[in-house]
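Student: Encoded as structure tokens, here's the structure I'll be asking about.
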Amino acid sequence: MIEVTDLTKRYGNTTAVDGLGFRVRPGLVTGFLGPNGAGKSTTMRMMLGLDRPTAGEVRIGGTPYRQLRDPLRTVGALLDTGAVHPGRTALNHLRCLARSNRIPARRVHEVIELAGLEDAAHRRAGTFSLGMGQRLGIAAALLGEPAVVVLDEPVNGLDPEGVLWIRRLLRDLAAEGRTVLMSSHLMSEAALTVDHLVVIGRGRLLADTGMTAFIDEHTEAGVRVRTPEPERLRDVLAGAGIEVVADCADGSLRAATSAERVGELVAAHAVPVHEVTRTHASLEEAFMRLTADAVEYRSQRPGADLPGTKPPGTEQPGTEQPGGAHR
Ligand SMILES: Nc1ncnc2c1ncn2[C@@H]1O[C@H](COP(=O)(O)OP(=O)(O)OP(=O)(O)O)[C@@H](O)[C@H]1O
Numbered sequence: 000m001i002e003v004t005d006l007t008k009r010y011g012n013t014t015a016v017d018g019l020g021f022r023v024r025p026g027l028v029t030g031f032l033g034p035n036g037a038g039k040s041t042t043m044r045m046m047l048g049l050d051r052p053t054a055g056e057v058r059i060g061g062t063p064y065r066q067l068r069d070p071l072r073t074v075g076a077l078l079d080t081g082a083v084h085p086g087r088t089a090l091n092h093l094r095c096l097a098r099s100n101r102i103p104a105r106r107v108h109e110v111i112e113l114a115g116l117e118d119a120a121h122r123r124a125g126t127f128s129l130g131m132g133q134r135l136g137i138a139a140a141l142l143g144e145p146a147v148v149v150l151d152e153p154v155n156g157l158d159p160e161g162v163l164w165i166r167r168l169l170r171d172l173a174a175e176g177r178t179v180l181m182s183s184h185l186m187s188e189a190a191l192t193v194d195h196l197v198v199i200g201r202g203r204l205l206a207d208t209g210m211t212a213f214i215d216e217h218t219e220a221g222v223r224v225r226t227p228e229p230e231r232l233r234d235v236l237a238g239a240g241i242e243v244v245a246d247c248a249d250g251s252l253r254a255a256t257s258a259e260r261v262g263e264l265v266a267a268h269a270v271p272v273h274e275v276t277r278t279h280a281s282l283e284e285a286f287m288r289l290t291a292d293a294v295e296y297r298s299q300r301p302g303a304d305l306p307g308t309k310p311p312g313t314e315q316p317g318t319e320q321p322g323g324a325h326r
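For the sequence shown, position 221 (counting from the first letter as 1) is numbered 220 according to numbering that gives the first Met the number 0, and the numbering increases by one without interruption.
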């Protein structure tokens with residue numbers, strides 16, 4: 000369990016973390032999401048005693064990190080994959096860590112195997128690709144068989160096989176009853192890996208909820224309706240107070256309602272319909288909507304990419320991510 004209580008961090012005039020409070024529970028993979036500059040890394044650094052809070056505290060299993068007797072055996076972390084001596088081999092790096100944390104040497108070989116680094120064990124870390132460095136960082140994080148695992152952008156730099164590996168690994172760690180917190184910018188990846196979400200923006204808590212509930216809360220249920228008479232359908236829907244959220248490129252309409260409701264309306268008004276499809280909102284859509292006001296660095300106008308906010312005729316069919324919340 001990780002408990003974050005009234006956590007605040009200021010750097011001069013910048014408030015990076017602002018009265019943040021949440022709990023990360025064991026047995027789940029919790030995604031820690033937020034736009035650039037939201038305060039994720041700062042929060043994670045405070046969890047791991049690398050930065051002092053201006054106010055508030057973080058407890059890992061009931062104890063602040065700095066007071067843990069065996070930190071590496073309690074919490075494993077991947078924060079900065081560059082923090083390895085480049086001249087040291089992967090094996091030696093892990094051996095040194097094990098020795099200084101009173102972890103048995105056999106565990107070094109176990110994590111090398113777990114991370115798929117057998118062939119690279121004798122190579123210097125300085126020659127590692129980004130993905131291999133990431134694997135070494137994860138191997139180090141798991142060295143002490145910690146009950147709590149904190150990973151900042153763990154899929155960063157990994158190839159598709161590596162992404163699949165980390166997804167399975169995190170799910171296995173959670174299934175073993177460990178507490179797993181991962182940050183990610185990749186919503187599609189988070190949707191496949193994460194059970195629970197903590198979303199922050201401008202250092203403040205925006206959401207602390209299950210994946211499915213989060214998507215349901217921040218997107219509309221929708222259906223795509225294809226008809227040879229889109230104007231009549233639009234009128235019928237408008238008459239029932241139903242919003243058309245997108246005009247799709249194939250002439251179909253996307254409306255914020257249920258398939259049942261559309262079925263009843265088109266039957267009552269004799270509107271011919273060729274296809275009705277339930278559309279599933281994605282984590283990305285829900286995230287963009289929730290954080291639209293909390294984005295610090297923006298390349299476009301707010302919400303420009305939100306499905307349903309594009310000008311008519313610009314949405315491509317099938318752009319939703321069906322089952323975005325499912326794995
Ligand atoms: N050492 C520091 N000195 C001054 N300001 C800092 C420092 N570290 C972070 N900040 C500021 O604090 C805010 C939060 O930064 P942080 O890196 O925690 O965000 P983040 O959510 O991890 O962002 P990203 O997704 O881009 O990694 C930003 O405005 C950042 O510029």
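All residues carry an ideal CB built from backbone N, CA and C; glycine is no exception.
In this text, all values refer to a predicted model and were calculated from it rather than measured experimentally.
(1) When DSSP labels each residue in this structure, what does F213 get in the three-state scheme?
(2) Are G75 and G143 touching if we call contact CB-CB under 8 Å?
(3) For L172, collect the residues of the same chain with a Cβ closer than 7 Å to its Cβ; drop the 5 residues on either side in sequence, then sort them by chain order.
(4) Could you tell me whether the stretch 95-110 touches the stretch 131-143, using the rule of 3 or more Cβ pairs below 8 Å?
(5) How should R277 be labelled, buried or exposed, when 16 other C-beta atoms within 10 angstroms of its C-beta is the threshold for buried?
(6) Let me know if M334 comes out buried or exposed under the rule of 16 or more other beta-carbons within 10 Å of its beta-carbon.
(7) Considering H92, what are the terminal residues of the alpha helix (DSSP H) in which it resides?
(8) Based on the DSSP secondary-structure assignment, which residues constitute the bridge partners of L6?
(9) Closer than 7 Å: is that where the CB of N155 sits relative to any heavy atom of ligand 1?
(10) For ligand 1, which residues count as neighbours when the test is a C-beta closer than 6 Å to any heavy atom?
(11) Applying the 10 Å Cβ sphere with the 16-neighbour rule, what's the burial state of C95?
(12) Kindly list the residues whose CB is nearer than 8 Å to the CB of N12, restricted to its own chain and excluding five residues on each side of it in sequence; keep chain order.
(13) Tell me the start and end of each unbroken beta strand (DSSP E) in the stretch 142-214 that is at least 3 residues and wholly inside, in chain order.
(14) In three-state terms, what does DSSP make of I137?
(15) If I measure Cβ to Cβ from F213 and keep anything under 7 Å in the same chain, skipping five residues before and after, which residues do I get?
(16) Would you kindly work out how many angstroms separate the C-alpha atoms of S251 and L163, rounded to a whole number?
(17) Can you give the Cα-Cα distance for G30 and H268, rounded to whole angstroms?
(18) On a Cα-Cα basis, can you pick out the residue from R87, L78, L90 and L282 that is closest to Q133?
(19) What separation, rounded to the nearest whole angstrom, lies between the Cα atoms of V16 and E152?
(20) Is the distance from the Cβ of G36 to the Cβ of L204 below 8 Å?
(21) Check H325 in the structure and name its three-state DSSP category.
(22) Taking the CB atoms as reference points, tell me whether P63 and G176 lie closer together than 8 Å.
(23) Just grab the DSSP bridge partners of F31 for me.
(24) Taking C-alpha atoms, which residue in V261, R22, S281 and L168 lies nearest to E219?
(25) Using a Cβ-Cβ cut-off of 8 Å (strictly less than) and excluding sequence neighbours within five positions of E228, which residues of its own chain qualify?
(26) Output the distance between the C-alpha atoms of T256 and I241, rounded to the nearest integer angstrom.
(27) Between L19 and chain B, is there a C-beta pair that is closer than 8 Å?
(28) Rounding to the nearest angstrom, what Cα-Cα distance links L6 and V235 in this structure?
(29) Where does S182 land, buried or exposed, given buried means 16+ other C-beta within 10 angstroms?
(30) If you draw a straight line from the C-alpha of R201 to the C-alpha of V193, how long is it?
(31) Alpha carbon to alpha carbon, what distance is there between P159 and L90?
(32) Roughly how far, in whole angstroms, is the beta-carbon of L135 from the beta-carbon of A124, given that I think they are within contact range, below 8 Å?
Tutor: With the structure as the only source:
(1) To locate residue 213, count along the sequence shown from 1; it is residue 214. The answer is helix: DSSP assigns F213 an H, G or I state.
(2) Counting from one through the sequence shown, the residue named residue 75 turns up at place 76. Counting from one through the sequence shown, the residue named residue 143 turns up at place 144. Their beta carbons are under 8 Å apart, which means G75 touches G143 by this criterion.
(3) As a position in the sequence shown, residue 172 is number 173, starting the count at 1. For L172, where only same-chain residues beyond five positions count, the Cβ hits under 7 Å are V148 and V179.
(4) yes
(5) In the sequence shown, the residue the question calls residue 277 occupies position 278. Exposed: under 16 other Cβ atoms inside 10 Å.
(6) The requested residue 334 does not occur in the structure, where the chain is confined to residues 0 to 326.
(7) Stepping through the sequence shown from its first residue, residue 92 is reached at position 93. Looking at the DSSP string, the run of the alpha helix (DSSP H) that includes H92 is A89 to S99.
(8) As a working mapping, residue 6 is identified with position 7 in the sequence shown. L6 is bridged to L19.
(9) Taking the first residue of the sequence shown as 1, we reach residue 155 at position 156. No, the beta carbon of N155 sits no closer than 7 Å to any heavy atom of ligand 1.
(10) Y10, T13, A15, G33, N35, G36, A37, G38, K39, S40 and T41
(11) Position 96 of the sequence shown, counted from the first residue, corresponds to residue 95. Burial call: exposed.
(12) Sequence index remark: in the sequence shown, residue 12 carries index 13 (1-based). Closer than 8 Å at Cβ, skipping near neighbours: no residue.
(13) 147-151, 178-182, 195-200 and 203-209
(14) Within the sequence shown, the letter at position 138 stands for residue 137. I137: helix per DSSP, three-state reduction.
(15) In the sequence shown, residue 213 corresponds to position 214, counting from 1. L196, A206 and A285.
(16) Reading the sequence shown from its first residue, position 252 is the one you call residue 251. Reading the sequence shown from its first residue, position 164 is the one you call residue 163. If you take the alpha carbons of S251 and L163, they lie about 35 Å apart.
(17) Here residue 30 corresponds to residue number 31 of the sequence shown, with the count starting at 1. Here residue 268 corresponds to residue number 269 of the sequence shown, with the count starting at 1. Computed Cα separation, rounded: 45 Å.
(18) Translated into the one-based positions of the sequence shown, residue 133 becomes position 134. The shortest C-alpha separation from Q133 is found at L78.
(19) Start at 1 with the first residue of the sequence shown, and residue 16 comes out as number 17. Start at 1 with the first residue of the sequence shown, and residue 152 comes out as number 153. In a straight line, the C-alpha of V16 is about 19 Å away from that of E152.
(20) Numbered from 1 along the sequence shown, position 37 holds the residue referred to as residue 36. Numbered from 1 along the sequence shown, position 205 holds the residue referred to as residue 204. No, the Cβ-Cβ distance between G36 and L204 is not below 8 Å.
(21) The residue given as residue 325 occupies position 326 in the sequence shown. Low confidence applies to H325: its pLDDT is 37, below 50, so where it sits in the model is not reliable, and the reading given next is rough at best. The answer is coil: DSSP assigns H325 none of H, G, I, E or B.
(22) On the sequence shown, position 64 is the one that residue 63 refers to. On the sequence shown, position 177 is the one that residue 176 refers to. Result no, Cβ atoms of P63 and G176 do not sit closer than 8 Å.
(23) Taking the sequence shown and counting its residues from 1, the one referred to as residue 31 is at position 32. According to DSSP, F31 bridges with S182 and V197.
(24) Locating residue 219 in the sequence shown gives position 220, counting from the first residue. Answer by Cα proximity: S281.
(25) Taking the sequence shown and counting its residues from 1, one reaches residue 228 at position 229. Excluding residues within five positions, the ones whose Cβ falls inside 8 Å are V270 and P271.
(26) In the sequence shown, residue 256 corresponds to position 257, counting from 1. In the sequence shown, residue 241 corresponds to position 242, counting from 1. Going from the Cα of T256 to the Cα of I241 covers about 7 Å.
(27) Reference to chain B is not applicable here, since this structure consists of a single protein chain.
(28) Mapped onto the sequence shown, residue 6 falls at position 7. Mapped onto the sequence shown, residue 235 falls at position 236. Distance between the alpha carbons of L6 and V235: 51 Å.
(29) As a position in the sequence shown, residue 182 is number 183, starting the count at 1. Result: buried.
(30) Along the sequence shown, read from residue 1 onward, the residue named residue 201 stands at position 202. Along the sequence shown, read from residue 1 onward, the residue named residue 193 stands at position 194. Computed Cα separation, rounded: 22 Å.
(31) The residue you call residue 90 lines up with position 91 of the sequence shown. The residue you call residue 159 lines up with position 160 of the sequence shown. So the alpha carbons of these two residues sit roughly 25 Å apart.
(32) If you number the sequence shown from 1, residue 135 lands on position 136. If you number the sequence shown from 1, residue 124 lands on position 125. At roughly 6 Å, the Cβ-Cβ gap stays under 8 Å, so L135 and A124 are in contact.
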